[in-house]
Amino acid sequence: QQPVQSPQAVILREGEDAVINCSSSKALYSVHWYRQKHGEAPVFLMILLKGGEQKGHEKISASFNEKKQQSSLYLTASQLSYSGTYFCGTEGRYSSASKIIFGSGTRLSIRP
Amino acid sequence: EAGVAQSPRYKIIEKRQSVAFWCNPISGHATLYWYQQILGQGPKLLIQFQNNGVVDDSQLPKDRFSAERLKGVDSTLKIQPAKLEDSAVYLCASSFGYEQFFGPGTRLTVL
Numbered sequence: 120q121q122p123v124q125s126p127q128a129v130i131l132r133e134g135e136d137a138v139i140n141c142s143s144s145k146a147l148y149s150v151h152w153y154r155q156k157h158g159e160a161p162v163f164l165m166i167l168l169k170g171g172e173q174k175g176h177e178k179i180s181a182s183f184n185e186k187k188q189q190s191s192l193y194l195t196a197s198q199l200s201y202s203g204t205y206f207c208g209t210e211g212r213y214s215s216a217s218k219i220i221f222g223s224g225t226r227l228s229i230r231p
Numbered sequence: 718e719a720g721v722a723q724s725p726r727y728k729i730i731e732k733r734q735s736v737a738f739w740c741n742p743i744s745g746h747a748t749l750y751w752y753q754q755i756l757g758q759g760p761k762l763l764i765q766f767q768n769n770g771v772v773d774d775s776q777l778p779k780d781r782f783s784a785e786r787l788k789g790v791d792s793t794l795k796i797q798p799a800k801l802e803d804s805a806v807y808l809c810a811s812s813f814g815y816e817q818f819f820g821p822g823t824r825l826t827v828l
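Same order as they appear, the protein sequences are chains A and B.
The opening position of the first sequence corresponds to residue 120 in my numbering, with each subsequent residue numbered one higher.
The opening position of the second sequence corresponds to residue 718 in my numbering, with each subsequent residue numbered one higher.
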């Protein structure tokens with residue numbers, strides 16, 4: 120039931136773009152994205168609630184395909200501050216509580 | 718606005734010992750979560766409270782883990798007895814809406 124993230128790790132040069140994917144085998148109500156820097160707590164980036172919805176946060180945006188049970192996080196013109204591990208968290212459509220199941224994460228490293 | 722507070726920040730114990738973690742959520746946040754994060758993995762939900770009631774504890778190893786939330790505010794998570802595989806960071810989070818605010822975590826090492 121844990122969502123699957125890909126790739127597991129990405130190394131970019133500053134200014135390059137990246138896409139992180141998250142897929143679930145369950146019907147989803149929402150997808151949440153968090154970023155965790157080394158040694159720190161996860162920080163909320165955004166939530167996507169509707170099929171095909173896109174949201175943005177600085178130069179980071181995301182999409183959610185409800186039918187395919189997939190979400191993608193897009194990082195444009197990456198900055199050094201974007202380094203960290205990105206987690207998607209999925210909430211099942213038939214979940215009785217607002218329970219989020221996190222993926223195993225995608226480690227993003229940005230080089231100058 | 719003060720964030721989620723947790724203590725202690727670090728704890729080293731031997732297997733079969735007991736340990737307790739404390740969490741003070743953001744004021745006004747009705748929902749409180751305890752997560753276990755093993756190195757290299759995503760946070761795994763152990764227990765979720767809504768005010769002082771348990772909403773989900775399906776992944777809490779109830780033979781050794783217990784948690785309570787007194788008066789719907791502070792919460793404690795206890796492990797008794799600890800096993801080697803309990804070594805992890807224990808994160809507390811609270812929320813009012815969709816966004817979860819995480820505390821700094823307690824890093825537990827079981828020797």
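Heads up, the beta-carbon is just placed ideally off N, CA and C, and yes, glycines get one too.
For my contact list, residue i and residue j are in at a C-beta cut-off of 8 angstroms; report their separation, rounded to the angstrom.
i, j, result
"I229 of chain A", "L199 of chain A", "5 angstroms"
"Q121 of chain A", "G222 of chain A", "6 angstroms"
"R212 of chain A", "L147 of chain A", "6 angstroms"
"K728 of chain B", "L825 of chain B", "5 angstroms"
"E133 of chain A", "S202 of chain A", "Not really, about 10 angstroms apart at Cβ, beyond 8 angstroms."
"P742 of chain B", "S811 of chain B", "3 angstroms"
"I764 of chain B", "W751 of chain B", "5 angstroms"
"T823 of chain B", "F738 of chain B", "5 angstroms"
By DSSP's criteria, residue i is part of a beta bridge. Which residues make up the other side?
i, result
"L808 of chain B", "B:Y752"
"L227 of chain A", "A:V129 and A:G203"
"F813 of chain B", "DSSP, once it has assigned bridges, lists no residue as partnering F813 of chain B."
"E833 of chain B", "Chain B is shown from 718 up to 828; residue 833 of chain B falls before or after that span and cannot be answered."
"I764 of chain B", "B:W751"
"D773 of chain B", "B:Q765"
"L147 of chain A", "A:G211"
"S744 of chain B", "Answer is none; S744 of chain B lacks a bridge partner."
Anything in chain A within Cβ reach of residue i, meaning under 7 angstroms, just list it in chain order.
i, result
"G759 of chain B", "F206, F221, G222, S223 and G224"
"E816 of chain B", "F163"
Regarding residue i and the ligand MG, is the C-beta to nearest heavy atom distance less than 7 angstroms?
i, result
"F782 of chain B", "With respect to the ligand MG, the structure offers nothing, as it holds no ligand at all."
For residue i, which residues in chain B fall below 7 angstroms Cβ to Cβ?
i, result
"P161 of chain A", "P760 and F819"
"K218 of chain A", "L762, Q765 and D773"
"I166 of chain A", "Y815"
Who are the neighbours of residue i on chain A, taking C-beta pairs under 9 angstroms?
i, result
"L808 of chain B", "A160 and P161"
Find the residues of chain A that neighbour residue i, judging by a C-beta separation of less than 8 angstroms, and give them in chain order.
i, result
"Y727 of chain B", "Result: empty, since nearest Cβ-Cβ is about 12 angstroms, beyond 8 angstroms."
"G822 of chain B", "A160"
Problem - Runs of beta strand (DSSP E) wholly within the segment 156-220 of chain A (minimum 3 residues, chain order) - result: For the segment 156-220 of chain A, whole beta strand (DSSP E) runs of length 3 or above, ordered along the chain, are 162-167, 172-176, 179-184, 189-194 and 203-211.
Problem - At least 3 beta-carbon pairs within less than 8 angstroms: the segment 755-762 of chain B vs the segment 779-790 of chain B - result: Contact between the segment 755-762 of chain B and the segment 779-790 of chain B is absent, because fewer than three Cβ pairs lie under 8 angstroms.
Problem - the segment 785-804 of chain B / the segment 813-821 of chain B touching (three or more Cβ pairs under 8 angstroms) - result: Judged by Cβ distances under 8 angstroms, the segment 785-804 of chain B makes no contact with the segment 813-821 of chain B, as fewer than three pairs qualify.
Practice task
Decide yes or no for the touch test of the segment 139-158 of chain A against the segment 121-131 of chain A: beta carbon pairs closer than 8 angstroms, at least 3 of them.
Solution key: Output reads yes: the segment 121-131 of chain A touches the segment 139-158 of chain A.
Practice task
Spell out a yes or no on whether the segment 180-195 of chain A and the segment 148-160 of chain A are touching, meaning 3 or more CB-CB pairs, one atom from each, closer than 8 angstroms.
Solution key: Under the 8 angstroms Cβ criterion, the segment 180-195 of chain A counts as touching the segment 148-160 of chain A, having at least three qualifying pairs.
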